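So the number in my numbering is just where the residue sits in the sequence shown, counting from 1, plus 58.
Glycine is no exception: its CB is placed at the ideal position from the N, C-alpha and C atoms.
Predicted, not measured: the structure shown is a model, and the values here were computed from it.
As structure tokens, the structure follows; a few thoughts come after it.
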Amino acid sequence: MRRTFSTVGRVLREQPPPTLTRSRRLCNPKSLRNNLSSLREKGRTMAGKLNRRQFLIRSGVAGASALSLPALLAACGGDDGGSGGGGNSLFFENWPEYIDEETVALFAAASGVDFKYTDAYNDNNEYFAKVQPLLAKGKKIEPDIIAPTFWMAGRFVQLGWAQKLPVDKIPNMANLRDDLKGQPWDKAQEYNLPWQTGIAGIAYNMKATGRELKSVEDLFDPAFKGKIGMLTEMRDTMGLVLLGLGKNISQITTFDEAAAGFEKMEKAKNDGQIRAFTGNDYLDDLSAGNFAACVAWSGDVLQLAKDNPDVKFFIPEEGGTSWFDTMIWVKGSENGDAVAKWMDYVYDPVNAARITASVQYMSPVKGVQDELVKLGGEAAALAEDTLLFPDDATLARLQSWGALAEEEEAKFDEAFAAITGA
59 MRRTFSTVGR VLREQPPPTL TRSRRLCNPK SLRNNLSSLR EKGRTMAGKL
109 NRRQFLIRSG VAGASALSLP ALLAACGGDD GGSGGGGNSL FFENWPEYID
159 EETVALFAAA SGVDFKYTDA YNDNNEYFAK VQPLLAKGKK IEPDIIAPTF
209 WMAGRFVQLG WAQKLPVDKI PNMANLRDDL KGQPWDKAQE YNLPWQTGIA
259 GIAYNMKATG RELKSVEDLF DPAFKGKIGM LTEMRDTMGL VLLGLGKNIS
309 QITTFDEAAA GFEKMEKAKN DGQIRAFTGN DYLDDLSAGN FAACVAWSGD
359 VLQLAKDNPD VKFFIPEEGG TSWFDTMIWV KGSENGDAVA KWMDYVYDPV
409 NAARITASVQ YMSPVKGVQD ELVKLGGEAA ALAEDTLLFP DDATLARLQS
459 WGALAEEEEA KFDEAFAAIT GA
């Protein structure tokens, strides 16, 4: 994904991927020609820097999906530009490293939309604080679409800061996975369309534990004192702890309902059970055995285990947490037609599969698994990955947080910060 809160299929990158997209208008023949030339050159440079798995996935998908320059120019309508007039522009602000290297340019060329894509969405609370002064006064922000995590999207909807989607113009919305439909804050599925999804569970190093782990309670086993890692993402860490206590986190709406979990976590911290609270940097400690076990994102461990077979990931018997980042149409934007074109484009399984093969998150789009098989090679191997494509029984073991009122969420954040020392 993108950030310290990430997910199923997070790619472990040695450097950010080359991109065509940062704050750049794309449907312009000269710009497209320069961008494609730049991408080819950067691709040659990166081939020597990426690991084999990353390079094969990227180059294989590129070969299957890239359009020629003449095709791109034709789609843009010639040398006169391609904005298409009023309402045919679009700005999507997303998390870092959360899209493949081609989709933005391909969409701009195919649709004629004057498309701007940036990756400046780095943290839910930070972004909320940034836009709140404007939206609370009824003023517009620059992006048309943003992709907050589901609980923050729920807050936007409840505050009236998200518009109903032009669903009648998004036929591919029918490809949305059934388990993601009808959130408590959007029961009619009118305000959000998921971007990518993920799972949080437990990872462990078999050499450090000496046995297989199965339960959330294994994180609190005195045998692993001082060798347990927890994530700084409150919902994932506390979600697992609360599941271990038999709580249904989807029904928690107040801090009092979760207080027992915070008390358990505080005791573990004070007793020296927890070695550290980390973001993405837990992988080195896990691989080295400094963490016997830790709360983890499945995609990270999927990648790490290929080089270190002692590292395992599992969804605890009490359950795991699921989350998704989701596209919302921000209040004040008037570019509904372009919003619909974009959402329909990325919900075409062919295009969604290209994104999945690059970012390796669990796609919200039905049909992606079959499209990965068609791509062959490393992309096809992803189609067999049960962490990217869990079965119904696995999905039934996952729970996700509902939206918390702002004042209640402040209590959660304050209590968690007191434990982590943040």
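Annotation for Y340: no beta strand (DSSP E) segment contains it, though the alpha helix (DSSP H) segment containing it runs Y340 to A346.
By the beta-carbon neighbour count (other beta carbons within 10 angstroms, threshold 16), E376 is buried. Sixteen is the threshold: when 16 or more other Cβ atoms of the shown chains lie within 10 Å of the Cβ of L341, as they do, the residue is buried. Taking all protein chains shown into account, A187 has fewer than 16 neighbouring C-beta atoms within 10 Å of its C-beta and is therefore exposed.
The bridge partners DSSP lists for Y262 are A351 and K370. Look at F447 here: in three-state DSSP terms it is coil, with no helix or strand label. Straight-line spacing of the CA atoms in N328 and T444 works out to 37 Å. Using a Cβ distance threshold of 8 Å, T290 and T478 count as a contacting pair. When the alpha-carbon of V162 is set against those of W153, E155, K174 and P154, the nearest one is in K174. Put simply, of E159, M210 and F165 the residue whose alpha carbon is nearest the alpha carbon of N146 is F165. W209 places its beta carbon 8 Å or farther from that of A473. The three-state reading of DSSP puts Y175 in strand, counting E and B together.
Rounded to the nearest whole angstrom, the C-alpha separation of V274 and F335 is 16 Å. Rounded to whole angstroms, the Cβ separation of V417 and Q254 is 7 Å, and the two are in contact under 8 Å. DSSP places D383 within a strand segment (E or B) once states are collapsed to three. In the DSSP assignment, I332 forms a beta bridge with I286.
Less than 8 Å separates the beta-carbon of D383 from that of A205. Between the C-alpha atoms of E429 and P448 there is a straight-line separation of about 16 Å. At a Cβ-Cβ threshold of 8 Å, P422 and L234 count as neighbours. Under the 10 Å beta carbon count, R293 is surrounded by 16 or more other beta carbons and is classified as buried. For V408, same chain residues with a beta-carbon under 6 Å away, outside a window of 5 residues either side, are E429 in chain order. With 16 or more other CB atoms across the displayed protein chains lying within 10 angstroms of its CB, L446 is buried. Q309 sits in a helix when the DSSP states are folded into three classes. Closest in alpha carbon position to A326, among A281, F149 and K305, is A281. Excluding the 5 residues flanking it on each side, G212 has same chain C-beta neighbours closer than 6 Å at W243 and A461, in chain order. Contact annotation: W459 and I228 have beta-carbon atoms that are not nearer than 8 Å. Within the same chain, V66, S356, G378 and S380 come within 6 Å of I257 by CB-CB distance, once the 5 residues on both sides are set aside.
Taken in chain order, the whole alpha helix (DSSP H) runs of length 4 or more contained in the stretch 167-229 are 182-193 and 208-216.
Among the bridge pairs identified by DSSP, N250 is matched with I386.
With contacts defined as CB atoms closer than 8 Å, A261 and F371 qualify as a contacting pair. Looking at the DSSP output, G378 bridges to L456. Taking all protein chains shown into account, R412 has 16 or more neighbouring C-beta atoms within 10 Å of its C-beta and is therefore buried. Taking 8 Å as the cut-off, the beta carbon of D202 is found no closer than this to the beta carbon of V404. Secondary structure note for L433: its alpha helix (DSSP H) is the uninterrupted segment V426 to L433. Judged by DSSP in its simplified three-state form, E151 adopts strand. About 6 Å separates the CB atoms of G284 and G330; that is less than 8 Å, so the two are in contact.
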